[in-house]
Each structure stands twice: as structure tokens, then as C-alpha cells.
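Below: the structure, in C-alpha cells.
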Amino acid sequence: MLKKFFSFVKKVIVGAFILYAYNLMAAPLNLLIPINFLTLGLISIFGISAIPFLALILIFVF
């Protein structure tokens, strides 16, 4: 039980760093994805493949 919890926390932390790195690279293009619970949850569940999906949502909605 505790091992699963630490695994999930590790995924969230790695996802936050990946999203921060993406935001640093995408800042000149003004395609910033906010770092919040929803985006971190999606990235921790679906992995790096959630970033293009979130970018597409950002482009089409805004």
C-alpha cells in the first residue's frame, strides 16, 4: 500500500518536472500549460503522451 503511494507521488513529481520543462521550451510560442492538479494528474496517469493532448486542447479552446 505504501509502495503504491510513493510510486504515485514519484510519478506526480516527475510529471511536474516534465511539464515545467515543456513550459520552458514552449514559452516563445506562447503555448504554456498551467501546472495544476488536473494537468499533473493527466500526465501522471497517461505519461508524456498527455502533453500533446493538453497542447491541442489549449490551441483549440483558446
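Residue numbers (our numbering): 39 to 100.
Where a beta carbon is used, it is the ideal one built from N, C-alpha and C, also for glycine.
Contact between I86 and I51 fails: their C-beta atoms lie close to 14 Å from each other, not under 8 Å. Across the structure, L67 and S45 are spaced so that their CA atoms are roughly 33 Å apart. In the structure shown, F43 falls within a helical segment according to DSSP collapsed to helix, strand and coil.
In summary, I95 is exposed, with fewer than 16 beta-carbon neighbours lying within 10 Å of its beta-carbon over all protein chains present.
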